[in-house]
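Following: one structure in structure tokens, then a few remarks.
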Amino acid sequence: MALVGNLRDFALADFLYLIDRGYKTGSLQLNRQSAAATLYFEKGKLLYAAQAQERESLGEMLQRTGKLTPQQVQQAVQLQQTDGNQSLGTVLVEHDIITREDLQRHIQTHIEETVYSLFGWPDGEFCFNAGVKLDRDDVQSPVPLGVENLIMEGVRRVDEWGRIKDHIPNTDMIARFVDQPLEKAKSINLTPDEWRIFARINGKDSIKEVISRTGLSEFDVSRIVYGFISAGLVEVTRPRPPVPATGRAGAGAAAGAPKRSLVSRIINRIRGM
Amino acid sequence: MQTVKMVISGAVNAGKTQFIRAISEIEVVSTERKASDDTKLLKGETTVAMDFGRITISDDLVLHLFGTPGQKRFDFMWEILSEGMLGLIVLVDSTRPETFRETNRIIDFFTSQRDAPYVVAANKQDHENAWAPDELRLALRLPAHVKIVPCVATQKDSVKNVLLELLYVIMQRSAD
């Protein structure tokens, strides 16, 4: 069953979080005006991403990044034509024009850049088809990428107050770690500024206090905290209202709770309807 | 006669009116019926004020069901409605991710106002493009202890099940 929606309402960071936490396998198709992109995931990790209008071939990309000379690309293309069905990546590796590791690293970088560019889409239709698998070419497929770092870097490039404000409506909000962030946190790379904020998250101090202690701007702190939220490391809560000094603060949470007998009566009635 | 109150909330077109209509023993009272804004595009008769339904529990006990207004401009009503409520059901249209942000805002509002028991009802689960409850939990970032109950608000048994799930949550927090 397809999950469909619009990035305007459900941001790419939110969707990647869903993919990650849901260990989803499938393809995500994105369309915006004349642009389109497809991402493939396997068990919550990104396998591949490409924009439909990409004109650049693998050879051109490796040439542009200085990994191959034009002569090497031309040689590989000729060998590919001779070899028949083999992909250009396979030809490059099998003829020792590039190592498998180098090839995969360059493809991985290209995939990451493709995803980061998608964070800049303010809107766009998305459609996730669960279960759809990438027809993998083992030579050209890099190691599946965890999406947490993609989210963090993608959000670093987000310059949009509106989206941030959806998650952090004001600086009185308090950031705290989610219940099980530790394993996730180990694989995330943070910038020094992100670390400064990360180290000050304690579930007590408001974001306003974090701003004053770090000396960073409200936007920068909010954007970084938004990144933590998107990566599933942190959640924000409203400050607890102050307890009125009436001397009755210890009355306990059950003070306003309904009696069990009353709830039982309602349950029995609803069951019998 | 003792009356207790449950509040049914959710974004516009989440299915609040249908939900109350499916279980109420009286005709659902909608205090105003004409939609005059863009919600008209979503449904012909949107809830611009509130819905009210009733279930008689016994001779001396009545359960009232209040559906909150869906539009933002009626936010002030939410606080009034939530006073003294037994619990809250937040309906979410599982087929419309564009309403998830608003759903979160509603949950945030009610939970910040008071520590009320609540469940999320994943409505329209009979639609082909409905997001599954597990997916909704991730999308809405709901903690594990918050129940997400599959729901079809037009079906009485499904509505009963949601009410019962909320009542079980309430029971856990009730006093002896």
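Here the protein sequences come in this chain order: P and A.
Position 85 of the first sequence, counting from 1, maps to 85 under UniProt numbering, and the rest follow consecutively.
Position 151 of the second sequence, counting from 1, maps to 151 under UniProt numbering, and the rest follow consecutively.
Idealized CB from N, CA, C, for every residue including glycine.
| said: Would you say D123(P) lies against chain A (beta-carbon separation less than 7 Å)? | reply: What you label residue 123(P) is simply residue 123 of the first sequence in a count that begins at 1. No - not a single Cβ of chain A is within 7 Å of the one on D123(P).
| Any Cβ of chain A within less than 7 Å of the Cβ of L18(P)? | Locating residue 18(P) in the first sequence gives position 18, where the first residue counts as 1. By this cut-off, L18(P) is an interface position.
| Closer than 7 Å to chain P by CB, A139(A) | Within the second sequence, residue 139(A) is the residue found at index 139, counting from 1. Cβ-Cβ to chain P under 7 Å: yes for A139(A).
| query | How many angstroms separate the CA atom of M273(P) from the CA atom of E102(A)? | reply | Numbered from 1 along the first sequence, position 273 holds the residue referred to as residue 273(P). Numbered from 1 along the second sequence, position 102 holds the residue referred to as residue 102(A). Roughly 32 Å separates the two Cα atoms.
| said: Against chain P, which members of the region 82 to 108 of chain A pass a CB distance test of less than 7 Å? | reply: L86, P97, E98, F100 and R101
| request: Assess, as a yes-or-no matter, whether the region 118 to 129 of chain A is touched by the region 151 to 164 of chain A under the definition of 3 or more beta carbon pairs within less than 8 Å. | output: yes
| said: Just to confirm my understanding: we take N31(P), look at its own chain, exclude 5 residues before and 5 after, and list those with CB closer than 7 Å. What are they? | reply: The residue given as residue 31(P) occupies position 31 in the first sequence. The residues are G124 and E125.
| query | At least one CB of chain A closer than 7 Å to the CB of L134(P): is that the case? | reply | As a first step, residue 134(P) must be located in the first sequence, where it is residue number 134. Not closer than 7 Å to any Cβ of chain A, the Cβ of L134(P) fails to qualify, so no.
| alpha helix (DSSP H) segment containing N104(A), residue limits | Indexing the second sequence from 1 puts residue 104(A) at position 104. That run of the alpha helix (DSSP H) goes F100 to Q113.
| field | Residue span of the beta strand (DSSP E) that contains I148(A), given as start and end | value | What you label residue 148(A) is simply residue 148 of the second sequence in a count that begins at 1. Start and end: I148 to P150.
| M123(A) touches chain P at which residues, Cβ-Cβ below 9 Å? | Counted from its first residue, the second sequence places residue 123(A) at position 123. Before going on, a small fix: residue 123(A) reads as Asn here, not Met. Near N123(A) there are no residues of chain P at all, since even the closest Cβ is about 16 Å away, more than 9 Å.
| task | For T246(P), count neighbouring Cβ atoms within 10 angstroms of its own Cβ and tell me buried if that reaches 16, exposed if not. | result | Position 246 of the first sequence, counted from the first residue, corresponds to residue 246(P). Note that T246(P) has pLDDT 45, beneath the 50 cutoff, so the model's placement of it is unreliable and the number below is only indicative. Answer is exposed; the Cβ neighbour count stays below 16.
| field | Residues that I89(A) bridges to, as DSSP identifies them | value | Residue numbering aside, residue 89(A) sits at position 89 when the second sequence is read from its first letter. Paired residues: I8(A) and V119(A).
| said: So the candidates are A231(P), V263(P) and D205(P); which of them puts its Cα closest to the Cα of Q172(A)? | reply: Along the second sequence, read from residue 1 onward, the residue named residue 172(A) stands at position 172. Per the Cα distances, V263(P).
| task | Kindly give me the distance between the Cβ atoms of I106(A) and G10(A), rounded to whole angstroms, as I take these residues to be in contact under 8 Å. | result | Your numbering for residue 106(A) matches position 106 in the second sequence. Your numbering for residue 10(A) matches position 10 in the second sequence. Contact holds; Cβ gap of about 7 Å.
| query | Alpha carbon to alpha carbon, what distance is there between V158(P) and R196(P)? | reply | Numbered from 1 along the first sequence, position 196 holds the residue referred to as residue 196(P). Numbered from 1 along the first sequence, position 158 holds the residue referred to as residue 158(P). Their Cα atoms are separated by approximately 20 Å.
| task | Report the rounded CA-to-CA distance for P169(P) versus S230(P), giving the unit in angstroms. | result | Residue numbering aside, residue 169(P) sits at position 169 when the first sequence is read from its first letter. Residue numbering aside, residue 230(P) sits at position 230 when the first sequence is read from its first letter. Their Cα atoms are separated by approximately 15 Å.
| Secondary structure, alpha helix (DSSP H): runs of 4+ residues fully inside the region 208 to 243 of chain P | 218 to 230
| message | If you measure between the beta carbons of V225(P) and A175(P), is that distance less than 7 Å? | response | To locate residue 225(P), count along the first sequence from 1; it is residue 225. To locate residue 175(P), count along the first sequence from 1; it is residue 175. In contact: V225(P) and A175(P) (Cβ atoms closer than 7 Å).
| Given Q71(P) as reference, the closest of I97(P), T90(P) and E56(P) once Cα atoms are compared | Translated into the one-based positions of the first sequence, residue 71(P) becomes position 71. Taking only the C-alpha atoms, the option nearest Q71(P) is I97(P).
| field | residue 275(P): first and last residue of the uninterrupted beta strand (DSSP E) it sits in | value | In the structure displayed, chain P extends from 1 to 273; residue 275(P) sits before or after that span and is not available.
| request: Within the UniProt domain "PatA-like N-terminal" (5 to 81) of chain P, note down every full beta strand (DSSP E) run reaching 3 residues or more, in order along the chain. | output: 26 to 32, 35 to 42 and 45 to 51
| query | List, in order along the chain, the chain A residues whose C-beta lies closer than 8 Å to that of G22(P)? | reply | In the first sequence, the residue the question calls residue 22(P) occupies position 22. Going along chain A in sequence order, the residues near G22(P) (Cβ under 8 Å) are D134, E135 and L138.
| To which residues of the same chain is M173(P) closer than 6 Å at the C-beta, ignoring the five residues directly before and after it? | Position 173 of the first sequence, counting from 1, holds the residue named residue 173(P). I207 and V236, listed in sequence order.
| message | Please report the distance separating the alpha-carbon of S36(A) from that of G227(P). | response | Start at 1 with the first residue of the second sequence, and residue 36(A) comes out as number 36. Start at 1 with the first residue of the first sequence, and residue 227(P) comes out as number 227. Residue confidence for S36(A) is low, a pLDDT of 48 falling below 50, so the modelled location carries little weight and cannot support an answer.
| Distance between beta carbons of L167(A) and I164(P), contact taken as under 8 Å | Within the first sequence, the letter at position 164 stands for residue 164(P). Within the second sequence, the letter at position 167 stands for residue 167(A). Contact flag wrong, Cβ pair sits at about 38 Å.
| said: Once DSSP output is grouped into helix, strand and coil, what is the label at I57(A)? | reply: Reading the second sequence from its first residue, position 57 is the one you call residue 57(A). DSSP places I57(A) in strand when its eight states are reduced to three.
| request: Using a Cβ-Cβ cut-off of less than 8 Å, list which residues of the region 158 to 176 of chain A approach chain P; keep chain order. | output: K160, L163, L164, L167, Y168, I170, M171, R173, S174, A175 and D176
| query | Near D20(P), what residues of its chain come up, given a Cβ to Cβ distance below 6 Å and the 5 sequence neighbours on each side ignored? | reply | Taking the first residue of the first sequence as position 1, residue 20(P) is located at position 20. Hits under 6 Å: G44 and V147.
| task | Return the chain-ordered list of same chain residues with a C-beta closer than 7 Å to the C-beta of A130(A), the five sequence neighbours on each side being excluded. | result | Taking the second sequence and counting its residues from 1, one reaches residue 130(A) at position 130. For A130(A), where only same-chain residues beyond five positions count, the Cβ hits under 7 Å are S94, T95 and K124.
| task | To the nearest angstrom, report how far apart K5(A) and P192(P) are at their CA atoms. | result | By 1-based counting over the second sequence, the position of residue 5(A) is 5. By 1-based counting over the first sequence, the position of residue 192(P) is 192. Taking the straight line joining both Cα atoms gives about 51 Å.
| request: Per DSSP, which residues does Q125(A) bridge with? Please list them. | output: The sequence position of residue 125(A) within the second sequence is 125, counting from 1. Answer is none; Q125(A) lacks a bridge partner.
| said: Taking 8 Å as the limit between beta carbons, can you name the residues of its chain near K67(P), skipping five residues before and five after? | reply: By 1-based counting over the first sequence, the position of residue 67(P) is 67. Cβ neighbours of K67(P) beyond the five flanking positions: I98, D102 and H106.
| alpha helix (DSSP H) containing I170(A): first to last residue? | Position 170 of the second sequence, counted from the start, is the residue given in the question as residue 170(A). Start and end: K156 to R173.
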